[in-house]
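If you read the protein sequences in the order shown, they are chains A, B and C.
Position one of the first sequence corresponds to residue 3 (our numbering), numbered consecutively onward.
Position one of the second sequence corresponds to residue 563 (our numbering), numbered consecutively onward.
Position one of the third sequence corresponds to residue 151 (our numbering), numbered consecutively onward.
The beta-carbon is built from N, C-alpha and C at its ideal position, and this holds for glycine as well.
In this text the structure is predicted, and so the values were computed from the model without any measurement.
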Amino acid sequence: MFWMEHVWILPALPVCAFFVLFLVGRFLPRGGDWLSIGAVGTVFGLFFVVLIEHLDSIADGLGGLANSGFTWLQVGEFTLRIGWTVDSIAVVMIGVIATVGLMVVLYSTQYMRHHGKPEPRYWWYFAVISLFIGSMLALVLADNLLLLYVAWEGVGVCSFLLIGFYHERRSAVEAAKKAFVTTRLGDVGMLIGIILLWRATGSFQITEIIQAAQAGRLDDLPQVMGDGYLTMSVLFLFLGAMGKSAQFPFHVWLPDAMEGPTPVSALIHAATMVVAGVYLVARLLPLFDVTPGALEVVLAIGLATALLTGVIALAQTDIKRVLAYSTVSQLGFMFVALGCGAVGVAMLHLMTHAFFKATLFLGAGSIIHMSDEQDARRLGGLWWRMPVTAVTFILSALALAGIAPLSGFFSKDEIFVVVEATQNEAILVLLGVAAFLSAVYMARLVFITFFGAPKDLEVIRRTREAPALMLIPLVFLTVLTAFAGWFAMDQVGDWFGFPGGINQWIYFPEPEAFHFNSALAVGTGLVSLLGISTAWWLFYGRNARRAQALRERQPRLAAMVENKFYFDESYQWAIDHAVLPFGRIVARFDRLVVNDTGINGPANLTRWSGEWVRRHVTGRLPDYALLMVIGVAVLGALGFLLRSN
Amino acid sequence: MSDVGFHLAFWSLSALTIGGALMIIVSRNLIHAVIFLILSFIGVAGLFITLSADFLALVQILVYVGAIAVLMLFAILLTPRAARDNEESLMRYPAMILMGLVIAAGVFVALETDWGPMREGAIGTQAKIIGESLINQYVLPFEIGAVMLTAALVGAIALARQDDEDLPIHTASLIEEGVLPPPDGDAADAPAGPGDDS
Amino acid sequence: MDVIDLEYALIIPELVLASFATLIVAGALIFRRVPQEVWGYLSAAGLVVLLVLTAVFYINVNDDFANVLAVDNYTVLFRVFFLGIAAFAILAGVQFAGDRLRHHGEFYGLIMFATLGMMLLAASRELITAYLSLELMSFSLYILVGFNKLNPFSNEGSLKYLLLGAFSSALFLYGLSILYGVTGTTTYSAIEPDGIEAGRNIAQQLGNFSAATIDSALPIPGDVRPAIIVALVLIVAGLGFKVSAVPFHQWTPDAYQGAPLPITAFLSAAGKAAAFAFFLRLFSEALLPAAAEWSWLIAVIAALTMITGNLVALRQTNMKRLMAYSSIGQVGYLLIGIVALDAGSLAESQDAATALVLHLLGYVATNVLVFTALIAFYNRTGKDDIVDLRGLAERQPMLALLLSIALFSLAGMPLFAGFATKFVIFQVAASNGHLWLAVIGVTVSFVSLYYYLMVIKQMYLYKPEGDDTGRFSVPAPMMGALAVLTGAVFLVGLYPAPLFKAIDASTAMLFPGL
């Protein structure tokens, strides 16, 4: 049990690597990338140790739980802890983070070089990526909401730094800012939610909050804000999850976030940043469970996101952008599963998605790295130039589309099973549409990138297969992509020593084992095949004229989809026409009605003379003083209204 | 002291104080304003006497009328243009209305509150008590006052002293940028700045 | 005549500081050949020595000087704090003063006189003493703001600050005199030494009044509530001016912009902290029994201040003005701490006081970090607009990084001081029944992130512009100061427990009934 109780070492290792790299990274040979690899590799190794201890503990009937930590701050009754919890959810997350993290770090050692020479700030890249992985590990291990929030913001800052890594490029900095501000907007809600929950329960400890919720102690809180208190605080908390997981209407930042180096996108999309929201809801699901209306909101948001972004992904031409929208859409699937109360299913999809999405992004990375091109319209026919990349990419795409027996099939099918069991047919059909869309956009991407005639001979000529160090992570992740889904089955789980399939393992209160609904399985399989055929009919090679014809017949709709339903534009408009003018109005009030012209710079100062001093300096002073008197008078009047009986 | 006499003294001195204060604000000419200020000070001194604070009354006359007001008069006389041409403020009438309201509120508060008598009883020989407390319990505030005056004096000299040495380096650049007028005072055609940004 | 035993030993740090400041002024006048840096470094060294000695000898003394000045842990905490800030301001300002100012002896001397006023202010437990200390601090600051006397910005800022400061003092004094009229005393502590008639202090008098309004059987006073309301509004207005709370804040941007940069740093850090130290002691030791009469008032001001400061900061183009409005926003958060004094129990009130002081210290350390970095930049370029920071990441990457850290901390990002301290203050507000203020605070601190990011964007996104685009170096003493401050920002952000405990032990002094 040593490692389960000293699990803080896992996040500490990459964080230490960060500090060393930050201080001396630029002087180390190879920019210190080996330090980063070593730290993450050790975490990867320790994951298996923790996993074995965890499984032993379950086998011994100890429940596989371990808590550790210490008091960070204690004043009176107010206690803040730094503490860690290991349970099955945390173990799955550690596995995903460590695996994808290690692969990404290895891959980056090649990707961040051009012709054998490291890019500028190579050391800084590895420093931040270590911190990113460390923060994410801390996030999933935290046993209280406050520590979780701190790690949560740490993840945000790292993503800000990594997305803006190429800070010479204006678009990169803008994207970084957008990602940061958008997720922070959710975080504001989350912090408010944490404080509200703290008021209700007097604790930041996740287990205590959940216990309080389950014991019904949160139901009688009308002394603060009436009956909606719990719902409100939980929904505030959910805002944070929505922001981080890029759910509608916060989905706008994720596609822009691909401005960072491609391995970073793999990390953000698969293992670190965006799954944090799913993790948070999964972790707090018992709380959501007892909150009236909360699960319905989660479900609705997830479904809306899956559909909306699925449609948008159809019309994108940048490889990474298609993948980005597909991530948002798949996260929507996970939230749907959570909305049905099925933690295990959501975690399964999170895991399989992490593997195939990491493969897809790293594959896209090797295409971009080798061909210097990421517009799918100028690629095409690539498969025979880079066969290994093509095979891994296609397998992962099939997994995402939900083709048996790849992992995506199992996890998606599970989602359909729980939706069928708990929700009505309309939701099942809508989810089917979303699954159909994901098959279409993935098949489209594969067709126009790897098949058909090359559109640009220049590009195809300079493209070679990626170097071995980039292919190894790809192949490794592809193997996982192909087989990870089998863990859903009881027999496989038992064979590996898990107590039943992954569902059972992750969520004990959920008694059901893996149930294979053959009708649904066949149905979803057919939907996926139908999607792929549709994509073939519309986009494969010369068939693309059909898509073109379709676009010409519905130019408005096409424009709307291509412009992502104008979300970015409308947000920009809202900022320009609502927030900033509001600031301007306050500023104007402060400066004109209340304040003076300030110290106005050279224009006024050229008239620096006795005349000017009298008129502008002393002349304005009475107005200042007058405002103070008005302030006193208004406050006094308020006082008499409020306080004198 | 008879009741009637006391009331008469109180009301007439109050009228003197307040009337003087009003005239300070109303008069355009600064010298007139200072004269009214002196009147107002004398009124306050009189009020101190009615409260049997004769030492304070004396100090009021000596320090405020004798020293401060005279200093002000000198300052005004040495600043040729300051005494005249004071413009009207646009805010004059709003300010008057506001002050009227504030005064009304003050009167209301004064009348509504049960102030109660001084809990310490009458003060005997004023100067002795003040002197004693200034070297006893209130020795520290007294000394803080001394340090404050020192600081103010040091600062005032530092600000007002004509430097016999050259100007600091950056003044030349300020003149170049048009921030400061050139030595002959002509800076009309300096470039316009960004101006008000709101 | 009751003779009080005057224990001068208790105020040795103040006496030493006053003499030291005078000696520096005189020394610089007499020994004109000595380079001015010497006086700066000498002053800083003297302050640091005094700081260490104060910290060593005065912890847990808990006595008072003639019942006008408390020498307790709270006093010692702020003595140490103000001495430290003054030392930082002087260190950061030596090069600046050498390049751009005259009369260096007076410059350093006045900084120390202001520091003296601040130390006394935090210690006062008597209204006249407090008022005089406040004026000592303010007079020194008025002069220091105008110390760059050939710069019209500086003159204008100083003049506005002086005239409005005098006006606010008048309001404040009027409030104090009404309070005196109601309570008949100027002593606020509840602890009375022998030899003075028992029960003569503001807290007790106000306690009697509030008891009287509940239970009118008590014979003491009639209805004094109108007078108390007016007195409190006036006192809050006067203090609101000193801490630059809305609507008494207009002097702030002008004075900040006009003042020489080291003085802007000093003014925004120590000046504000001193006013808050006084604010807190007055409102917890003396006025707590009347909490119902002022908590709504300060709550309104706090909300206005947070919103106005952060929104107007969005529109600023000058770095000093931006920092002025950002500090106004921070004042709003700090005022929440005062509001939260109004709680169910003394222990909860003390939590609020602790949270307030913690945020104050964290904010001040961060703010001094920002200004020290800006001074380093200004020494090289002589510019202080936000656009002038363009390309700083290329010209001096370390400075850009430290400035970014400080700005992130001000925006309340975790890992940095700003998050830990702000969180504690919001948490206290929520638990003491002022949840809506915490919600406003969290929301506007999101807004604040936007304008801090604008500054960071200028540093990292753009190429340097103009004729001066080369790299430059920061002198070692300044780099040392920056490193210490950055360390403090991280320490408070990551492990505030020791500081929290120290503050808790000091604020316990403010609640003798605890």
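Near Ser-499/C, what residues of its chain come up, given a Cβ to Cβ distance below 6 Å and the 5 sequence neighbours on each side ignored?
For Ser-499/C, where only same-chain residues beyond five positions count, the Cβ hits under 6 Å are Leu-491, Ala-493.
Any idea if Gly-767/B is buried or exposed, counting beta-carbon neighbours within 10 angstroms, 16 or more meaning buried?
Nothing about residue 767/B can be reported from this structure: the residues present for chain B run from 563 to 760 only.
Helix, strand or coil at Lys-613/C according to DSSP, with G and I counted as helix
Three-state DSSP puts Lys-613/C in coil, outside helix and strand.
Short check: CB of Ala-378/A to CB of Thr-319/A, under 7 Å?
Yes, these two residues count as a Cβ contact at 7 Å.
What span of residues does the alpha helix (DSSP H) with Asp-291/A cover, start to end?
For Asp-291/A, the enclosing alpha helix (DSSP H) starts and ends at 287-292.
I'd like to know if Pro-376/C contacts chain B, where contact means its C-beta is closer than 7 Å to some C-beta of that chain.
Pro-376/C counts as touching chain B.
Using 7 Å as the threshold, is the C-beta distance between Phe-569/C and Phe-558/C below it?
7 Å or more divides the Cβ of Phe-569/C from the Cβ of Phe-558/C.
In whole angstroms, give me the CA-to-CA distance for Ile-478/C and Leu-340/A.
Roughly 43 Å separates the two Cα atoms.
Start-to-end residues for the beta strand (DSSP E) that takes in Asp-213/C
Note, Asp-213/C: beta strand (DSSP E), 213-215.
Just how far apart, CA to CA, sit Pro-122/A and Phe-449/A?
Within the model, the alpha-carbon separation for Pro-122/A versus Phe-449/A is close to 35 Å.
What is the DSSP secondary structure of Ala-144/A, counted as helix, strand or coil?
Reduced to three states, the DSSP call for Ala-144/A is strand.
Would you say Thr-336/C lies against chain B (beta-carbon separation less than 7 Å)?
It does not; no Cβ of chain B falls within 7 Å.
Leaving out the 5 sequence neighbours to the left and right, which residues in its chain are closer than 6 Å to Phe-704/B when beta-carbon positions are compared?
These residues qualify, in order along the chain: Leu-696.
Uninterrupted alpha helix (DSSP H) stretches inside the segment 230-256 of chain A (no shorter than 4 residues)
You should have 231-246.
Cβ of Glu-443/C within 7 Å of any chain B Cβ
With 7 Å as the cut-off, Glu-443/C does not count as an interface residue toward chain B.
Would you verify that the beta carbon of Glu-210/A is, or is not, closer than 7 Å to some beta carbon of chain C?
Chain C, which has no Cβ nearer than 7 Å to the Cβ of Glu-210/A, makes this no.
By the criterion of Cβ-Cβ separation under 7 Å, what are the contact partners of Gly-259/C in chain B?
Within chain B, the residues near Gly-259/C are Val-716.
Can you check which of these residues, Gln-577/C, Met-609/C, Leu-549/C, Ala-580/C, is closest to Gly-541/C by C-alpha distance?
Taking only the C-alpha atoms, the option nearest Gly-541/C is Met-609/C.
Report the option in Val-183/A, Met-234/A, Tyr-443/A whose CA atom is closest to the CA atom of Ala-202/A.
For Ala-202/A, the nearest C-alpha among the options comes from Met-234/A.
So, are the CB atoms of Gly-582/B and Phe-598/B less than 7 Å apart?
Yes.
Indicate whether Ile-534/A and Ala-441/A have their beta-carbon atoms separated by less than 7 Å.
Cβ distance < 7 Å, so Ile-534/A and Ala-441/A count as in contact.
Which residues does DSSP pair with His-116/A in a beta bridge?
Paired residues: Lys-119/A.
At the level of alpha carbons, what is the spacing between Trp-675/A and Arg-28/A?
Residue 675/A lies beyond the residue range present for chain A, which begins at 3 and ends at 647; the question has no answer from this structure.
Please check the pair Trp-74/A and Ile-84/A, which I expect to be a contact at CB under 8 Å, by giving their CB distance rounded to whole angstroms.
Correct: roughly 5 Å between the Cβ atoms.
8 Å contact criterion, which Gly-638/A and Val-393/C should meet: CB distance rounded:
About 19 Å; that fails the 8 Å criterion.
Where Thr-204/C and Val-226/C are concerned, what is the direct C-alpha to C-alpha distance, given to the nearest angstrom?
Distance between the alpha carbons of Thr-204/C and Val-226/C is about 7 Å.
Determine, for Ala-666/B, whether the minimum Cβ-Cβ distance to residues of chain A falls below 7 Å.
So, not an interface residue.
Skipping 5 residues on each side, what residues in its chain have a beta carbon closer than 6 Å to that of Ser-193/C?
For Ser-193/C, the CB contacts under 6 Å within the same chain, skipping 5 residues up- and downstream, are Ile-174, Ile-240, Tyr-258 in chain order.
Is there a C-beta anywhere in chain C that falls below 7 Å from the one on Ala-619/B?
No - not a single Cβ of chain C is within 7 Å of the one on Ala-619/B.
Where Thr-204/C sits in the DSSP three-state scheme:
Three-state DSSP puts Thr-204/C in a helix.
Nearest chain C C-beta to Met-710/B closer than 7 Å, yes or no?
Taking Cβ atoms only, chain C reaches closer than 7 Å to Met-710/B, which makes this a yes.
Which of the three DSSP states, helix, strand or coil, is assigned to Asn-582/C?
DSSP places Asn-582/C in coil when its eight states are reduced to three.
8 Å contact criterion, which Ala-377/C and Val-669/B should meet: CB distance rounded:
In fact, because the Cβ distance is near 12 Å, the residues do not count as touching under 8 Å.
Going by Cα to Cα distance, which pick from Phe-231/C, Val-221/C, Arg-183/C is closest to Leu-200/C?
Taking only the C-alpha atoms, the option nearest Leu-200/C is Phe-231/C.
Would you call Gln-550/A buried or exposed, if buried means 16 or more other Cβ atoms sit within 10 Å of its Cβ?
Counting the other CB atoms within 10 Å of its CB gives Gln-550/A a total below 16, which places it among the exposed residues.
In terms of residue numbering, what span does the beta strand (DSSP E) encompassing Leu-260/C cover?
Premise fails: Leu-260/C lies in the alpha helix (DSSP H), 254-273, not in any beta strand (DSSP E).
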